[in-house]
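Notes follow once the structure below has been shown.
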Amino acid sequence: MAAGPSGAFWSRWYERFTRFHLRLAAACFLAGAVFVIAVSQHSGSPSSQTACPGRPDDLVIGTGAEIGAGGVRHDVIKAWNDEQRELKKKPLKATLVEISESSDEQRSELAAAAQSKRCAYDVLLLDVAYITEFARNHYLEKFELDPGKLGGLPERYFLRKSLETGRVDGEQFAVPFAADAPLLYRRTDAPAPPPQDTKKFLELAREHGYAAQFDDYEGGTVNLLEAIFSAGSQKAEDRKTQADDLVFDDRGDVVLDQDDNGEKVMDALRAWREALFAGNRDDTRPPPGESALREESSLQAFRTGLVGYMRNWPFAFNRLAADPLMRDDDGSLKFQVLSFPGTGVLGGVDLAIAKDSPHKEEARELIYYLISQDVQERLFACAGYPPVVAALYERYERSGTARTCGDLAADGADGAGRPAERDTEITGDQLVRFAGEVHEAVDHARPRPKSAYYATFSQVFRSCLLPVATTASGAAPDFHYFSDALRDALNGRRRSDDACHPPAQAALKSDIRG
Amino acid sequence: MVTTALTAAVTSVATLVATAAATPFSNRLQNLIEQAPVTPLITVPASVGALVIICCYPLWRGKVRTPGRWAAAVAAVALWPFHQIQWPQGLRSWAGRMLVPLAVGYIAACLGAFTGLVGLVVVKVVAPSGACEPPRELRVITALENVTALRERAEAYTKEQRTDGCAPVRIEVGAAPTIEEMRYGFRNEWLRDDALQNDEPYRRMLGLTPDAWIPTSSAEFDLVVQDVSEKGGEKTNNGDAPEKTSSLRSLLHKRNEQVGTDHMSIAVFGAAKNDLLTGELESAGYPLAEIVQRARSKGMSLVYPQPAFSTSGAIVATTLSGAGPQPGDAALRATFDNSANALLCHLRDAGRERADEDWARLVALVPSHTADEYNRGGDLGIEGCAHDPLAGRAALTPVSSVDLPTLDYPFVEIDWSQDPARRAALDGFATWLADNKLFEPTGEGPQPSSAARISADAARPGHRVDLQIMIDGSGSMARSPTASASALHDALAEVRQILTDTDQVSAGKFFTDDRGTAKAPMAREGDGGGEEGPGGYGEVLRWIADDRQSGFDEPISRAIGGLSHPANSIAVITDGGPFNDEPGPGNAGQSIRRAVRRAADVSNLYILTFGGRCPDGLEAPRSVRPSVSASPSDGRPGSSGPVAEHVVCDDTAGTDVAGALGRMIFQFREWS
């Protein structure tokens, strides 16, 4: 076959192709492949200012509703804006956008905004339950904490466990803003003594009534986990050493099907069910089917004296303390806050920078401002946001008192016009005791499993175990099958059939996936 | 012919196989493409290529062997601007030597990059991975009474869509705000009209920003869109909010198919079913006028949700306005409830709290499916409303009426982000939902055929309110987590939608200073319609948010007595502290009553307590717990004797400040 012009061209090339060219080609081939892989691995979704057309030039903070009184969070942001106006010629105005009171709706909104790449938010105030999801899905910018700005190592500046909530796969994506762990609220005007250990508490709860959140929502999962974590925890001092890895271990692997963990879980949940529902001897409390409580309804049940004990988050303290119904005539509180009698689940809210934010540097500055000691102290005293700064707790403990909201307001320029009614204001002593209990609760709390699919895990988990904790007819699932379903759920997978099969049926369905 | 058919068949089969093979990976592939680092992958090879061409340029212009005419032609065009430059001979010679190594390196690097890319795609898309790809987040809103059904459907759809256990979408269902709020929200990035934000560093959203909205009826959709096209260029209520005046037609896309079918119904308790639903009325198709007449004769009341807050309430109000019985009829009234489910929840509470069967004399005008949901038990989507399944005398029987309309449930897509992938996901859900409808017609009685209508006027009651809001100015109130100034500001902004242009609203504070001197600073009076200007409702709101004066508790009776020009209706908002300072321990109720009697201009007093408890001697407002209004004495709750004034106290508001204010205004309207 005669070679054409193109054939002649290639043969000329081939003639000039030496060993050097071969090596060069191999090296360049390799470099090209490595380049593509490296670029792919180290870049998420592209982000730049040009990707946000029409975006107003301000610093937007996406958040849930305010938990405290008087718009303290708004005041804090306003103060930052004022400070920026003094410092900069063209400052960015920070604006809080309150999305919803529901944590689920807040998560959905922020995730959808990240997926649509509309650059809707610069800073996210995110429930710690969803930090892993947002980090692994590339919705968040990494946040390297600067010891210089914190005045020391981050590990010393923050509560250790709160700092951990922002770390995903060894890297820091979020910074703690408010600590959270469950507390036990006890009415002091009722004969409900402080419990010594979990077992004693369950007896007291049966007798005096206990409001906890065993409804079918994420809070229900948290309460179930706490009931299980607390199994076998007899004394508060034992909580650090107890073997409470009944559901998942420290690495997050599900261990429910190991040894007799399943049996222990069932025993624990039955004991809590007894405490929750069996103590209704005088028919003053609603039947189990009508007593599925959440945070707000628990608060109302406790406030109205329907129950003597309540499990709730720290936000309830300010709500109750500001309620004249919860004060005696002399202004003293009609309730006491104690650390949870068992092992709680770690909560909290973290600050993070959205990956597609066009104002990352300004967002970083704002975050450092929000976690500063002064701001944290004000948010705690005036609105009940438990601080994340370790030094604040140390100071409270050392001095035995705390500056109240009134004290802090009097220090500021706007405080002069707010005379305080001493009979209803939270005192420094009360703040210190409250802070002490929160600190202990955070120290002893366990984090939720770290998964980008925590919501799926939560759904599967409570679908099987909530009936056990709330109804007498709730049967034990096959724990091997259930554990596999939970492992799948941690990877985002749901099985097409019911994960709660009793043992005999589960064996037949072990391979089913939807 | 045969060949063509064979080719077509083979192509179809191949396409099907390829689609089936690719489907499991499509979500991952889509995510991979979306997250691909497009910029460096394009710019780096392109710039290297450009470098090579520039290096080759001198060769083309010199007498060095040209590698090909095509290359010369491309270079001639691309580098034409440089053709005047005389490159040094040394550079030409160097470029000639570098030609082959550069070309070889470039081509090899491109091949390597391509191979790497293919490898990555194979590894990430085809190879089994431990975790699922993140699902696409979809947000859908609908009226509160439809939320439970929609959540169940969304769960079923997601389950059907799973591949290898991984769901391609996650659907979050939220409650839709009111029609009035949506009118504003769709034009303003779904932000709440908090009025007069000015320099305030916060905004509030109307809940989830919806990707889709399922209205209760097409009439609701029309009202939202129609309003915008009519008022597109107008200012908002507060007169200063910047609006998007573009048509909502490009943002809201209503699909043709319905995703549910239901009708408004008369839901009557089993205990009273035979009293109301006679055979005679059944054969006539349960005409509303006759139902109301019979209800009145039997001492029963027909109730429906607040039209300003609930679409089904607005539908009932519109229907009633043209169907004979008047909304002002004693046996027919709207309650303060913001949804059909909230109304049924209150009926359940009434049934639980009363030993007699008075509660059974309440008849609800609600969508048929809500009565079924009520009977099934559960919480109706409302915290604290959980109940066991109901049957017999406690269960509701929904019957349709010839006068009550049908409800279609259209699916409306909202294209905020103009994201084709999101839109495709929504299309998929909408199509599925049309085949697996939220509701199918059920219940007894005639099948109505008229479509639902909503009149904006019917949603607003006619009685004018002359209201003076007196806010407890004590320090404890300022720290109240529920009823602080900012919370009151937001709540009052929210209830503006149930005020009419003729309503008058003013606000003030009452407290004593350090020396025990009574203080009552007043905000300016404004009309409820929110006209622009210093006299507007917005001015009142601004004052409430900004005024920082506070002091110690002052007795309510003294505050009322000290008003120089009181309005006809006084609303007191307090944390309960002032009750303790009333003269005569334990007689706070009587003391307050006496003060109202002495104030000649004041007819109505409504005390709203956040936190504390109402004192003995003050009754709860009737609308807090629905009750029969047949007897004249019941018709004036709060009045224990022949006096004309109404004095009530509500301590059941919880944290729902806006709801409590709405109930209060509604109660004033009934009294006016």
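Chains C and H are the protein sequences, given in the same order. If you read the first sequence in this note's numbering, its first letter stands for residue 1, the second for the next number, and so on. If you read the second sequence in this note's numbering, its first letter stands for residue 1001, the second for the next number, and so on. Here a beta-carbon is modelled for each residue, glycine too, at the ideal position from N, C-alpha and C. Computed from a predicted model, the values in this text were never measured in an experiment.
For residue i, the three-state DSSP class (helix, strand or coil)
| i | result |
| --- | --- |
| residue 1362(H) | strand |
| residue 1205(H) | strand |
| residue 1641(H) | Caution is warranted here: a pLDDT of 38 is assigned to residue 1641(H), below 50, making its placement in the model unreliable, and no coordinate value can be reported. |
| residue 1657(H) | helix |
| residue 1607(H) | strand |
| residue 1670(H) | helix |
| residue 392(C) | helix |
| residue 46(C) | Legend: pLDDT at residue 46(C) = 45, less than 50; position of this residue unreliable, value from coordinates given subsequently. Coil, per DSSP. |
| residue 1369(H) | helix |
| residue 1565(H) | coil |
| residue 1406(H) | strand |
| residue 82(C) | helix |
| residue 187(C) | strand |
| residue 1602(H) | coil |
| residue 1378(H) | strand |
| residue 256(C) | coil |
| residue 12(C) | helix |
| residue 7(C) | helix |
| residue 149(C) | helix |
| residue 110(C) | helix |
| residue 1420(H) | helix |
| residue 487(C) | helix |
| residue 124(C) | strand |
DSSP beta-bridge partners of residue i
| i | result |
| --- | --- |
| residue 180(C) | 347(C) |
| residue 468(C) | In the DSSP output, where bridge partners are listed per residue, residue 468(C) has none listed. |
| residue 1166(H) | 493(C) and 1163(H) |
| residue 1332(H) | 1302(H) |
| residue 1591(H) | For residue 1591(H), which the question treats as bridged, DSSP gives no partner whatsoever. |
| residue 210(C) | 309(C) |
| residue 1552(H) | 1512(H) |
| residue 1119(H) | DSSP output for residue 1119(H) lists no bridge partner at all. |
| residue 1649(H) | 1607(H) |
| residue 1213(H) | 1141(H) and 1412(H) |
| residue 1387(H) | 1378(H) |
| residue 133(C) | Bridge partners of residue 133(C): none, in fact. |
| residue 174(C) | 352(C) |
| residue 1189(H) | BP columns for residue 1189(H) are empty, so no partner. |
Distance between beta carbons of residue j and residue i, contact taken as under 8 angstroms
| i | j | result |
| --- | --- | --- |
| residue 194(C) | residue 379(C) | At roughly 28 angstroms, the Cβ-Cβ gap does not stay under 8 angstroms, so residue 194(C) and residue 379(C) are not in contact. |
| residue 1143(H) | residue 1216(H) | 5 angstroms |
| residue 214(C) | residue 223(C) | 5 angstroms |
| residue 386(C) | residue 122(C) | Their Cβ separation, rounded to whole angstroms, is 25 angstroms, which puts residue 386(C) and residue 122(C) out of contact at 8 angstroms. |
| residue 1603(H) | residue 1465(H) | Actually they do not touch by this definition, with Cβ atoms about 12 angstroms apart. |
| residue 1553(H) | residue 1589(H) | Their Cβ separation, rounded to whole angstroms, is 17 angstroms, which puts residue 1553(H) and residue 1589(H) out of contact at 8 angstroms. |
| residue 1647(H) | residue 1592(H) | 7 angstroms |
Extract the residue ranges of the alpha helix (DSSP H) inside the region 1441-1527 of chain H, only unbroken runs of 4 or more that lie entirely within it. Every alpha helix (DSSP H) stretch that sits fully inside the region 1441-1527 of chain H and reaches 4 residues is listed by chain position as 1475-1478 and 1485-1495.
Just by C-beta distance, which residues in the region 1098-1120 of chain H are closer than 8 angstroms to chain C? Taking 8 angstroms as the Cβ-Cβ cut-off against chain C, the residues of the region 1098-1120 of chain H that qualify are 1100, 1101, 1104, 1105, 1106, 1107, 1108, 1109, 1110, 1111, 1112, 1113, 1114, 1115, 1116, 1117, 1119 and 1120.
What residues in the region 437-455 of chain C bring their beta carbon closer than 9 angstroms to a beta carbon of chain H? Residues 451, 452, 453 and 455.
Please list the residues of the region 1133-1159 of chain H that have a C-beta atom closer than 7 angstroms to any C-beta atom in chain C, keeping them in chain order. For the region 1133-1159 of chain H, which is checked against every Cβ of chain C, the residues closer than 7 angstroms are 1134, 1136, 1137, 1139 and 1159.
Minimum length 4: unbroken alpha helix (DSSP H) runs contained in the region 1241-1287 of chain H: At a cut-off of 4 residues, the continuous stretches assigned as alpha helix (DSSP H) that sit fully inside the region 1241-1287 of chain H are 1273-1276 and 1279-1283.
Can you list, in chain order, the residues of the region 292-318 of chain C whose Cβ is nearer than 8 angstroms to any Cβ on chain H? Taken in chain order, the members of the region 292-318 of chain C whose beta-carbon sits within less than 8 angstroms of a beta-carbon on chain H are 292, 293, 294, 296, 297, 300 and 318.
Only counting runs of 4 or more residues, tell me where the alpha helix (DSSP H) segments fall wholly within the region 306-370 of chain C, in order along the chain. Runs found: 315-321 and 360-370.
Output needed in chain order: residues of the region 79-92 of chain C with a Cβ under 7 angstroms from some Cβ in chain H. Interface annotation for the region 79-92 of chain C against chain H: 81, criterion Cβ-Cβ distance under 7 angstroms.
Members of the region 1410-1430 of chain H near chain C, C-beta cut-off 8 angstroms: Listed in sequence order: 1416, 1417, 1419 and 1422.
Chain H contacts made by the region 98-122 of chain C, where a contact means CB separation under 7 angstroms: For the region 98-122 of chain C, which is checked against every Cβ of chain H, the residues closer than 7 angstroms are 98, 99, 100, 104, 105, 108, 109, 111, 112, 115, 116 and 118.
Which residues, taken in chain order from the region 1365-1392 of chain H, show a beta carbon closer than 8 angstroms to some beta carbon of chain C? Sequence-ordered contacts of the region 1365-1392 of chain H with chain C read 1377, 1379, 1383, 1384, 1386, 1387 and 1388 [C-beta pairs closer than 8 angstroms].
For the region 1559-1580 of chain H, which residues have a beta carbon sitting closer than 9 angstroms to at least one beta carbon of chain C? Answer in chain order: 1575, 1576, 1577, 1579 and 1580.
Against chain C, which members of the region 1582-1594 of chain H pass a CB distance test of less than 8 angstroms? Sequence-ordered contacts of the region 1582-1594 of chain H with chain C are nonexistent [C-beta pairs closer than 8 angstroms].
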